[in-house]
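K.L.:
Structure incoming, see below.
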Amino acid sequence: EREVISGLLVQKDFKYHLVAPEDVHVYTHLTTSSVHQRQKVPFTQKFSLLETCLRRTYDDVVETIRYDNIALHVCGQVYVIGEARTHLLLEWESNSVNDMIADSVLAILLQIEANPATSHIVSEASEANTQRSTPVELTAAFLQKHFENVELADDIISFEHDGTPVSINYTSKVVSCSKKELKMRAERALKEIDSVINPL
Numbered sequence: 008e009r010e011v012i013s014g015l016l017v018q019k020d021f022k023y024h025l026v027a028p029e030d031v032h033v034y035t036h037l038t039t040s041s042v043h044q045r046q047k048v049p050f051t052q053k054f055s056l057l058e059t060c061l062r063r064t065y066d067d068v069v070e071t072i073r074y075d076n077i078a079l080h081v082c083g084q085v086y087v088i089g090e091a092r093t094h095l096l097l098e099w100e101s102n103s104v105n106d107m108i109a110d111s112v113l114a115i116l117l118q119i120e121a122n123p124a125t126s127h128i129v130s131e132a133s134e135a136n137t138q139r140s141t142p143v144e145l146t147a148a149f150l151q152k153h154f155e156n157v158e159l160a161d162d163i164i165s166f167e168h169d170g171t172p173v174s175i176n177y178t179s180k181v182v183s184c185s186k187k188e189l190k191m192r193a194e195r196a197l198k199e200i201d202s203v204i205n206p207l
């Protein structure tokens with residue numbers, strides 16, 4: 008069997024050497040270093056809500072303890088630490104992949120914090136362990152908090168507000184309504200719930 012080896016190819020004195028990254032300084036005048044990133048993010052929502060949203064986005068989310076605080080380890084690279092009730096701490100070793108993961112986690116945190124009403128619906132559905140597990144069902148549950156007699160048939164959500172019927176095709180995200188203001192209100196609500204259920 009052929010053995011696979013890896014390392015950095017370094018030229019010195021007209022010769023090539025395959026060396027481990029930590030040995031580069033031995034063969035060259037170069038030094039290697041790593042950047043440890045730490046970022047505090049304002050966050051006042053429930054930590055359980057954050058975990059729910061992260062698990063909807065990533066397959067690899069592990070609950071752990073870091074610095075004596077509850078934490079989530081995302082993709083084995085980025086720590087999300089519940090440092091205080093007013094903020095969270097993100098921590099990771101910087102590289103192109105980890106920075107991208109950290110950026111996406113940060114986007115989710117900011118979306119949750121910006122849409123507390125929407126996030127609360129997602130949290131209730133998860134904590135109550137109801138059958139509302141699909142995005143369209145969660146959307147219907149959210150709309151029920153704002154409108155009355157919300158009905159769901161396949162991917163069509165319908166309700167009436169002050170006698171005016173509203174129909175939402177969840178697949179195409181098209182809202183049908185004769186009143187412009189009511190249509191805009193429904194479109195705004197749809198966008199908010201979608202930003203939390205599908206943050207990326």
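Per our numbering, residue 8 is the first one in the sequence shown, and the count goes up by one each step. All C-beta atoms in this analysis are idealised placements derived from N, C-alpha and C, irrespective of residue type, glycine included.
(1) In chain order, which beta strand (DSSP E) runs of at least 3 residues are fully inside the segment 164 to 189?
(2) Where does the unbroken beta strand (DSSP E) through T64 begin, and where does it stop?
(3) Run the CB neighbour count on F21, radius 10 Å, all protein chains shown included, and call it buried at 16 or more, exposed below.
(4) Secondary structure at Y74, three-state DSSP: helix, strand or coil?
(5) Whose C-alpha, out of S165, K186 and E98, is nearest the C-alpha of Q44?
(6) Taking the DSSP output, what are the residues bridged to K19?
(7) So, for L189: in the same chain, excluding its five sequence neighbours on each side, which residues have a beta-carbon less than 7 Å away from its beta-carbon?
(8) Should the segment 31 to 38 be called in touch with the segment 49 to 56, which here means at least 3 C-beta pairs below 8 Å?
(9) Measuring alpha carbon to alpha carbon, tell me which of S183, T146, V182 and N176 ends up nearest D201.
(10) Which residue comes first and which comes last in the beta strand (DSSP E) that contains P49?
(11) So, is E199 buried or exposed, given that buried needs 16 or more other C-beta atoms within 10 angstroms?
(12) Per DSSP, which one or two residues make a beta bridge with V68?
(13) Quick one: grab the DSSP three-state call for I108.
(14) Quick check on the burial criterion: 16 or more other C-beta atoms within 10 angstroms. Buried or exposed for V157?
(15) Name the residue from T64, A78 and R63 whose alpha carbon lies nearest to the alpha carbon of E70.
(16) Thinking C-beta only, is H80 closer than 8 Å to P49?
P.N.:
Let me spell this out:
(1) 171 to 176 and 181 to 184
(2) No beta strand (DSSP E) holds T64; the alpha helix (DSSP H) holding it covers F54 to T64.
(3) exposed
(4) coil
(5) E98
(6) K22
(7) H168, T171 and V173
(8) no
(9) T146
(10) H43 to P49
(11) buried
(12) V81
(13) helix
(14) buried
(15) A78
(16) no
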